[in-house]
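Student: Dropping the structure in here first, questions after.
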Amino acid sequence: MDVYTITVLANIALFSFLAISAWLLLLVGEISFGQQAYFAIGAYTGGVSTAVLQLPFGIALLMAIAAGGLFAGLVAIPAMRLSGLHFSIASLAFAELVRSVLNVFQYQRWVDGYLTGPDGVNGFRDIRWIYDAGIDPGTYFLMILGCLSVVMLGVVMASYGRGMTIVRSVGENRRLAAAQGMNATRVRIITASVAGAIAALGGTLYAHMATYIEPAQFGLMIGVHSLAYGLIGGMGTVFGPLLGVLIDIGALETLRIFSGYRMIFFGGLVALVLIMRPRGILDEATVAKVQRWLRG
Amino acid sequence: MVDFIQNTLDGIALGSAYALLALGFTLIFGVMGRLNIAYGPCIMIGVFAGAGVYSDLTQSIVMIFVATLAGTILASAYVERVSFAAIRADAALASMVSTFAVWMQLEEIVAHLFPARTYAFKELGHLSLIEAGPFFLRQESLFMLLVTLAVLLGLALVLGRSHFGLELRALTDSRRAAIISGINVRRIIFLTFLLAAMIGGVAGFMIAMSDGQVTPKFGLWATMKGLVAMVIGGLASLRGAVLGGMLLGIIEAQAQWYFGASVREILVYAILFAALILLPRGILGGPHTVWRS
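Take a look at the structure:
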């Protein structure tokens, strides 16, 4: 595979983390415009860990996951008391808050004779771990794919166990779920925290591939896109958000005929799907049909 | 103390523009219970239409104003059809996401028609300051305040005296009662969108004139300011929108003066987040907000 193909595939995989993160919150019934905040937190935490603190890559991943989960949980404790519109605006407010804080966040140290670290609006350059460790793009793509597979496997396993049933019940009707003895608030907070951790994992992987990050990369439109992926792909299965990413980045961004008009097509597609299939292309009914057909 | 009062004066002028943006959000939220996030981008279409007329056709301030208003109204009508009329009445969040999708389209349309990004807009011109003791008021601030007052007065007349205003208020109080009374809900919603677009067009025109230029960032900016002001004031209260706008303007002006621009940004979003959690109904929004203009 040439470098261009690998870059496109890696972008698809990286956006999938963000899309799955927003999709998980859709399952508990909340629309978040702010998952890019945890993506950014993950990117900065991971970048600082390897480039400034010179920690091993594995530790950096763990730290990013922990930071994303922690922040998302802390935000969710007050925000999950809200619902619907209020939650959506709160998620948007938090994401812009993170971005404006990163605009002034500075943490630079001398490493090997270079001043390295986040420098406010000027960004954070030289996150060079994959070059220092001599990892070629193809191998790094496989590492991203490995992490993504672990996340997806986790979600699929949860849908065979009780976990996903609880999450979906709470999303369907919070009061009814509480009446069944589920602690709805706790389920919502834990889901938000897991979603934050997944986004942060994607963020770290992104930072090490890009080697340069800046606050402007984590704007509102990234969050809206990742939310839209789950909505058009479908709520029924974890492959829904993946389908959304494939349609947008795989088809619209890559195909020449759409060049320059990608947003018009994608925006129109999202608007159309919301009108015709409110729960996405692969919605619960479709997934159930496919499962019955597979069982024969 | 002199600084503080001067900042408050500047803040009120800025806040009057925010108040108009918040009013547009509130009117739509009032009749539909849904948010039109694409409100700012619609106004952006308007100010770019105005900038296009200014650079290519005429210097006439009336024509530029008409173009701004027409652009905003056209874009708003499109949003209403695609994101609101076509989506089921109980799917409020789907509407909101759909307005984001339309936003993407509007931004790309502007990027194609106006590739240079920053365009000149008719300026108010260099006007003198009005001084009173140690304080001063820029004439553009006075212009903003006067225009805002005129719009508020006009809005009060429309809502309080016209039949459409009566229907609009009835719909805001209770959708069900409005339907039973034989009000054509879809028509009122469409007209409310146009009314909100007109207010937004005036606000956009005024802001673009005082800036002397327009950029594609205007859409996000207008949406965020309107949204914050609306949330602070109370989700469905018109008085709350005006109060929230003024408050936001004053807070921004003080923060800018004492702490600088980047802290101002942080503070605004922190206030929005805190307001949502501590005052989910805003300052003036009760459980059943009384709607008076």
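Listed in order, the protein sequences are those of chains A and B.
At position 157 of the first sequence (counting the first as 1) the number is 157 in my numbering, and the numbers step up by one without a gap.
At position 216 of the second sequence (counting the first as 1) the number is 1216 in my numbering, and the numbers step up by one without a gap.
Quick reminder that beta carbons are idealized off the backbone N, C-alpha and C, glycines included.
1. With a cut-off of 8 Å, does the C-beta of residue 1163(B) fall near any C-beta of chain A?
2. Quick one: does residue 1032(B) have its CB under 8 Å from some CB of chain A?
3. Determine, using beta-carbon pairs with one atom in the region 189-203 of chain A and one in the region 60-76 of chain A, whether at least three such pairs fall under 8 Å.
4. So residue 93(A) packs on residue 223(A), CB below 8 Å; how close in whole Å?
5. Within 8 Å of any Cβ in chain A, is that where the Cβ of residue 1276(B) sits?
6. Closest Cβ-Cβ distance between residue 954(B) and chain A: below 8 Å?
7. Taking a cut of 9 Å between CB atoms, which residues from the region 1106-1117 of chain B lie near chain A?
8. What residue from 279(A), 287(A) and 245(A) has the CA that sits closest to residue 17(A)'s CA?
9. What residues in the region 271-293 of chain A bring their beta carbon closer than 8 Å to a beta carbon of chain B?
10. Do we get a CB-CB distance below 8 Å when we pair residue 4(A) with the residues of chain B?
11. Going along the region 28-48 of chain A in order, which residues come within less than 7 Å of chain B, judged by CB to CB distance?
12. Could you give the distance in angstroms between the alpha-carbon of residue 1290(B) and the alpha-carbon of residue 1041(B)?
13. What residues from the region 1243-1270 of chain B come within 7 Å of chain A, judged by C-beta to C-beta, listed N to C?
14. Would you report the Cα separation of residue 1297(B) and residue 1054(B), rounded to the nearest angstrom?
15. Taking three-plus beta-carbon pairs below 8 Å as touching, is the region 1222-1238 of chain B in contact with the region 1262-1275 of chain B?
16. Would you decide whether residue 188(A) is buried or exposed? Buried here means 16 or more other CB atoms lie within 10 Å of its CB.
17. Let's see if you can read the secondary structure: which residues bound the alpha helix (DSSP H) around residue 274(A)?
18. Taking 8 Å as the cut-off, decide whether the C-beta atoms of residue 1073(B) and residue 1194(B) are in contact.
19. Please confirm if residue 1044(B) has its CB atom under 8 Å from at least one CB of chain A.
20. Taking contact to mean at least 3 C-beta pairs separated by less than 8 Å, is the region 116-126 of chain A in contact with the region 201-216 of chain A?
21. Please report how far the alpha carbon of residue 1287(B) lies from the alpha carbon of residue 1159(B), in whole angstroms.
22. Quick check: is the beta carbon of residue 1074(B) nearer than 8 Å to any beta carbon in chain A?
23. Using a threshold of 8 Å, state whether the C-beta atoms of residue 1242(B) and residue 1051(B) are closer than that.
24. Considering only their Cβ atoms, is the gap separating residue 1238(B) from residue 1093(B) smaller than 8 Å?
25. Check the C-beta distance from residue 45(A) over to residue 200(A) and give it rounded, since I have them as a contact under 8 Å.
26. Return the CA-CA distance between residue 1134(B) and residue 126(A), expressed in angstroms with no decimal places.
27. Counting only runs that start and end within the region 1099-1167 of chain B, where is the alpha helix (DSSP H) found for 4 or more residues in a row?
Tutor: Working from what's here:
1. With 8 Å as the cut-off, residue 1163(B) does not count as an interface residue toward chain A.
2. So no, residue 1032(B) is outside the interface.
3. yes
4. The pair is not a contact, with the Cβ atoms about 12 Å apart (cut-off 8 Å).
5. yes
6. A question about residue 954(B) goes unanswered here, because the residues of chain B that appear run from 1001 up to 1293.
7. 1106, 1107, 1108, 1109, 1111 and 1112
8. 245(A)
9. Answer set for the region 271-293 of chain A: 271, 274, 275 and 278.
10. Residue 4(A) does not count as touching chain B.
11. 31
12. A caution first: residue 1290(B) carries a pLDDT of 37, below 50, which makes its placement in the model unreliable, though a value can still be read off. Taking the straight line joining both Cα atoms gives about 30 Å.
13. 1262, 1265, 1266, 1269 and 1270
14. The requested residue 1297(B) is not part of the displayed model; chain B covers only 1001 to 1293.
15. yes
16. The Cβ neighbour count for residue 188(A), taken over all protein chains shown within 10 Å, is at least 16; the residue is labelled buried.
17. 262-276
18. yes
19. no
20. Segments in contact, yes.
21. Only weak support exists for where residue 1287(B) lies, its pLDDT of 45 falling under 50; the value from the coordinates is given anyway. Rounded to the nearest angstrom, the gap between the Cα atoms of residue 1287(B) and residue 1159(B) is 21 Å.
22. no
23. no
24. no
25. 7 Å
26. 51 Å
27. 1139-1161
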